[in-house]
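Trainee: Residue numbers (numbering that gives the first Met the number 0): 0 to 239. Quick one: the structure is below, questions incoming.
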Amino acid sequence: MYKYETHMHTAETSACASASGKEQADRYKELGYDGIIITDHFLNGNCHEAIKKTADWAEKIDLFMAGYEAAKEEGDKIGLKVFFGFEYCYEGADILTYGLDRQWLLTHPEIEGLDFFSFSRLAHSSGAALIHAHPFREAGYLREIRLVPQWIDGVEVFNCGNADDAYNDRADRFADWYGFVKTGGTDNHHLWVNRFSGIYMERPLESINDYVNAIKQKTIGGVIYPDDYIRKDGILYYEA
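Okay, structure coming up:
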C-alpha cells in the first residue's frame with residue numbers, strides 16, 4: 000500500500016504555519032510517506048496578508064504557490080511525490096480543492112470574488128474534486144458548523160488537528176449518511192506535530208488527477224489513523 004498526506008500547510012503561504020515546504024517534504028520522507036499534497040489556505044482564508052494585498056494577479060499566484068514550489072523542489076530531490084491543492088474557505092467551512100493547477104488559477108482571476116457555490120460549479124466543471132475538511136470541528140474561531148453536501152465530493156473523516164475525537168466520529172457518520180468517499184488528513188502546520196493521518200492507495204499516485212479520479216470513483220484504499228486511536232463499535236476513541 001502507498002501512503003499519502005492529503006491536508007497540510009507551509010510557512011511560505013499559510014499565516015498559521017511554521018514549517019517550510021522543504022521541511023515538510025523532508026519530514027514526510029522520513030515518515031515513509033510516498034507523497035504529500037500541499038493544501039495551503041487560499042486567498043479567502045488564512046494565507047499571508049502580503050499575498051492578499053498583492054495587486055498583480057500573476058504575482059499573487061506566484062506568492063501563493065511558493066510553499067508548494069519549495070516542497071516540490073525538495074520532493075524531486077529526495078524521491079517524494081508532491082502535489083498541489085488548496086484549502087478554500089467558505090465562512091468557516093474549509094474545502095480541500097484538488098485538480099486545479101497554476102495555469103487554471105492564472106486564467107481565472109475572477110475566483111477571488113466568487114461566492115462558494117459559484118466557485119464549486121466552476122471548479123467541478125474544470126474537473127476538480129472538493130473534500131469537506133473537518134466538517135464538525137468546534138473551535139473559538141468558528142461561529143457555526145456549515146454543511147454543504149450537495150456541493151462536495153467527499154468528507155475528511157479523520158483530522159489530527161481536531162481537539163476532540165468526537166468531531167472526527169461525527170464526520171465519519173456524516174460521510175456514511177450521504178455515501179461519501181472518506182479521506183483523512185493531518186492538517187499539519189508545524190514540525191512538532193507527532194500524530195499523522197492521510198490515505199492509503201493500492202497503486203501509486205503519479206499526478207493529482209490520479210487522486211481526483213480516486214475520489215470520484217471511490218477507489219481510495221483507506222484512511223490512515225494514528226496509532227493512538229482505536230475503534231470500538233464503529234466509534235473512534237483516543238488512547239492516552
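Every residue, glycine too, gets a C-beta built ideally from N, C-alpha and C.
May I have the straight-line CA-CA distance separating Phe157 from Trp56, to the nearest angstrom?
Mentor: Near 34 Å, if we compare the C-alpha coordinates of Trp56 and Phe157.
Trainee: In terms of residue numbering, what span does the beta strand (DSSP E) encompassing Asp93 cover?
Mentor: 92-97
Trainee: What separation, rounded to the nearest whole angstrom, lies between the Cα atoms of Ala24 and Ile60?
Mentor: 21 Å
Trainee: Can you tell me the Cα-Cα spacing of Leu235 and Gly78, whole angstroms?
Mentor: Bear in mind that the predicted position of Leu235 carries a pLDDT of just 45, short of 50, making it unreliable; the figure below should be weighed with that in mind. Roughly 33 Å between the two C-alpha positions.
Trainee: With three or more C-beta pairs closer than 8 Å as the rule, is the stretch 45-53 touching the stretch 203-223?
Mentor: no
Trainee: Return helix, strand or coil for Glu4, following the three-state DSSP convention.
Mentor: strand
Trainee: Can you tell me whether DSSP reads Asp114 as helix, strand or coil?
Mentor: coil
Trainee: Taking the C-alpha atoms as reference points, what is the distance between Arg26 and Ser125?
Mentor: 32 Å
Trainee: Of the residues Ala165, Phe116, Leu105, Arg194, which one's Cα is nearest the Cα of Pro134?
Mentor: Closest option to Pro134, judged by alpha-carbon separation, among Ala165, Phe116, Leu105, Arg194: Ala165.
Trainee: With H, G and I counted as helix, E and B as strand and the rest as coil, what does DSSP make of Phe82?
Mentor: DSSP, read as helix, strand or coil, puts Phe82 in strand.
Trainee: For Val154 versus Phe179, is the C-beta distance shorter than 7 Å?
Mentor: Yes.
Trainee: Taking 8 Å as the threshold, find out whether the stretch 195-212 comes into contact with the stretch 93-100 through three or more Cβ pairs.
Mentor: yes
Trainee: Assign Asp232 to buried or exposed, taking buried as 16 or more other Cβ atoms, counted over all protein chains shown, within 10 Å of its Cβ.
Mentor: With a pLDDT of only 49 at Asp232, under 50, the local geometry of the prediction cannot be trusted, and the value read off the model is given with reservation. Exposed, because fewer than 16 other Cβ atoms sit within 10 Å of the Cβ of Asp232.
Trainee: Since Tyr87 contacts Asn45 with CB under 8 Å, what's their CB separation in whole angstroms?
Mentor: The pair is not a contact, with the Cβ atoms about 12 Å apart (cut-off 8 Å).
Trainee: In terms of alpha-carbon separation, which member of Glu143, Ala70, Gly112 lies closest to Phe41?
Mentor: Gly112
Trainee: In chain order, what residues of the same chain lie with their CB nearer than 6 Å to the CB of His8, ignoring the 5 residues before and after it?
Mentor: Ala16, Asp39, His188
Trainee: Tyr166 bridges to which residues according to DSSP?
Mentor: Answer is none; Tyr166 lacks a bridge partner.
Trainee: Going straight from the alpha carbon of Leu121 to that of Thr218, what length do you get?
Mentor: 24 Å
Trainee: If I measure Cβ to Cβ from Leu30 and keep anything under 7 Å in the same chain, skipping five residues before and after, which residues do I get?
Mentor: Phe195
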